[in-house]
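Residue numbers (our numbering): 249 to 526.
Scroll down for the structure; my scribbles are underneath it.
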């Protein structure tokens with residue numbers, strides 16, 4: 249990349265520093281993206297607003313500190329202040345530099361706690377999906393739609409369909425209906441994994457022997473959304489992508505009927521293989 253292009257990206261970053269979200273596809277990271285992925289769920293929208301608030305606070309703190317430093321450098325330079333002050337305490341200043349950070353932390357804490365509570369609460373979800381992290385792929389269960397299960401492996405580069413992103417596409421996608429509150433259960437079979445879907449505001453650890461719970465709802469319409477395991481889980485950690493396909497409720501009902509037969513056949517084949525081994 250040329251020097252002028254790098255300068256252009258830097259100028260864009262400064263312009264967006266105030267909290268504007270990066271434009272582009274909501275479903276996956278984009279090259280030279282400098283903001284959050286476009287939100288697709290209520291939690292992600294709330295996180296985006298919180299991100300904007302934090303950017304304003306960070307920007308304000310940096311400006312105030314910079315101005316104070318420049319003032320001190322100018323006002324108390326050796327030329328203008330040859331005899332240094334011997335003042336050891338200033339009660340007003342000590343109160344200010346103690347109270348102001350506390351106020352800032354309270355301003356940050358209130359929306360932070362609200363988001364944490366909203367992400368953890370169960371708002372009368374309509375269906376459940378269970379994600380099981382394994383080395384190094386994901387298994388998914390649909391207990392409310394016939395209790396079928398399937399595995400999702402990362403597609404090799406020569407298997408990718410046109411438009412599918414490298415290292416993010418899987419052979420089987422999590423299919424969900426739009427505008428439906430979905431309870432997500434996350435666990436693991438071997439080591440700790442982490443189910444992360446930035447555009448949904450999801451990041452939940454899967455711990456062996458324990459089930460963690462959250463929820464999400466796709467409110468931005470049909471499409472493909474991509475995430476990855478976000479907990480270092482071994483040599484294949486970078487090859488554990490997550491792919492969610494959001495469809496209409498009618499399409500989802502048709503897919504469920506297909507999945508019951510498709511993945512039941514897979515399970516039957518595995519049962520036969522296990523029986524033969526035994």
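Glycine included, each C-beta is placed from N, C-alpha and C at the ideal position.
Only a predicted model underlies this, so the values are computations on that prediction, with no experimental measurement involved.
Check	Outcome
Assigned secondary structure, residue 468 (DSSP; H/G/I helix, E/B strand, else coil)	coil
Selected residue, minimal CA-CA separation from residue 469, among 447, 453 and 485	447
Three-state class that DSSP yields for residue 290 in the structure shown	helix
Candidates 512, 283 and 384: closest to residue 398 by CA position	512
Cβ neighbours of residue 340 in the same chain (closer than 7 Å, five flanking residues each side left out)	none
Runs of alpha helix (DSSP H) wholly within the region 338-415 (minimum 4 residues, chain order)	339-368
Euclidean distance between Cα positions of residue 316 and residue 346	16 Å
Alpha-carbon to alpha-carbon, residue 363 and residue 312	28 Å
Simplified DSSP state of residue 322, which is helix, strand or coil	helix
Rounded straight-line distance, which links the Cα of residue 417 to that of residue 290	24 Å
Coil, strand or helix - residue 460 by DSSP	strand
For residue 443, the residue or residues it bridges with in DSSP	452 and 477
Helix, strand or coil at residue 495 [DSSP, three-state]	strand
DSSP three-state assignment for residue 284, whether helix, strand or coil	coil
Endpoints, beta strand (DSSP E) assigned at residue 436	430-436
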